[in-house]
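Since the structure comes first, as structure tokens, the remarks are kept for the end.
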Amino acid sequence: LVFDHKGNLYVSTNGDSKVSKINFYTGEVTTIAGTGESGFSGDGGPAKDAKLSNPTGLALDNNDNLYISDSGNERIRKVDLNTGIISTVAGTGETGFSNEGNYALKTNLSNPLGLAVDKKGDLYIVDRGNNRVIKVNMETKIVSTIAGTGETGFSGDGGNAKDARLSNPTGLAFNNDGDLFIVDRGNNRIRKISGLSHYDESVVLENKILIYPNPSTDKVTVDLKEPSKLKEVSLFDLKGKNIQIQISDNSINVSKLPRGMYVLRVTTTEGTLEQKLVLE
């Protein structure tokens, strides 16, 4: 269930593989997504003509995008409520586990359920079968782990959420203070990650990592402020392909790469920063 700013209620019904809207004022029920027949189809077309399979979690962002956990298809779908068009934003359709740092469309999921959107518009997903919560940066489309090691169990209170064990997590919700609440169903607990949407690792790291020039033509330099130490630099095209690069003295030779847009991922001893890189 999720409400929009007008009070309309959106409901997923996995029995008929649909998502419907209940009008706050009239009580009228209309179909938002799904034909009533289980399956996978419809990306790029009207959501009403798309097939879903066991839809569960729902979330809305401030741009009238409705996100759907299409659990039976191991995907997260997005419906632009202004146009009615549906697309896939995460998941390959294959059940599995993928390490963080991948593109959302190249990340395997396992029975995704609860969804939430933070104030920046980034999407949080309960990857139930993998006992973790992940985040999709909706600008770079890169996935990072927010909570859970991938192993079932109970541990981690008072420490880093990434090092905590969850068991069969299901639901997610943010409060107005940016705290993220997780239904840790297998442990019969509600877990909280404090101030998550107020802490933006990328903003902190941008003050410690300088990537220049951007746009670039032949060479890109990565400068770090002490005490940060460089661990790894990766470059991806917009389809998620990892581009082979060589780095020397914190500089990358990009002169032979096709011109266009890329995502540069810099991992340091203090965290990971993803930034768009333009080659001209």
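Per the working numbering, residue 943 is the first one in the sequence shown, and the count goes up by one each step.
Quick reminder that beta carbons are idealized off the backbone N, C-alpha and C, glycines included.
Item: Close Cβ partners of Leu1166 (< 7 Å) along its chain, the five nearest in sequence each way excluded; Value: Lys1150, Ile1151, Leu1172 and Thr1210
Item: Own chain, CB closer than 7 Å to Met1203, minus 5 neighbours either side, in chain order; Value: Leu1180, Lys1218 and Val1220
Item: Residue burial classification, Arg1070 (beta-carbon count within 10 angstroms, cutoff 16); Value: buried
Item: For Lys993 and Ser1232, believed in contact at Cβ under 8 Å, the rounded distance; Value: Since the first residue of the chain shown is 943 and the last is 1222, residue 1232 is not available in this structure.
Item: Contact between the stretch 1094 to 1101 and the stretch 1077 to 1084 (3+ Cβ pairs under 8 Å); Value: no
Item: Proximity to Leu1047 [Cα-Cα], best of Thr1163, Lys1198, Glu1016 and Asn1117; Value: Glu1016
Item: Top-ranked residue by Cα proximity to Gly1095, from Ala1115, Gly1043 and Asn1072; Value: Asn1072
Item: Length of the line joining the Cα atoms of Gly1038 and Asn1050; Value: 5 Å
Item: Cβ neighbours of Gly1026 in the same chain (closer than 6 Å, five flanking residues each side left out); Value: Pro988 and Ala989
Item: Reduced DSSP category for Leu1199 - H, G, I as helix; E, B as strand; rest coil; Value: coil
Item: Close-in-space but distant-in-sequence residues of the same chain around Tyr952 (CB under 6 Å, 5 per side omitted); Value: Val944, Lys963 and Leu1000
Item: Separation of Leu1055 from Pro1111, as counted between CA atoms; Value: 8 Å
Item: Strand pairing of Ser954, partner residues [DSSP]; Value: Val961
Item: Inter-residue spacing [alpha-carbon to alpha-carbon] between Asp1022 and Pro1169; Value: 43 Å
Item: Glu1174 - partner residues in DSSP beta bridges; Value: Thr1209
Item: Limits of the unbroken beta strand (DSSP E) element including Phe1123; Value: Leu1122 to Asp1126
Item: Rounded separation between Gly1033 and Ile1018 - CA only; Value: 6 Å
Item: Bridge partner(s) assigned by DSSP for Phe1116; Value: Leu1122
Item: Cutoff 8 Å; reference Ile1132; Cβ partners in own chain excluding five residues on either side; Value: Phe1123, Ile1124, Val1125 and Asp1126
Item: For Asp991 and Lys960, the rounded distance between their alpha carbons; Value: 11 Å
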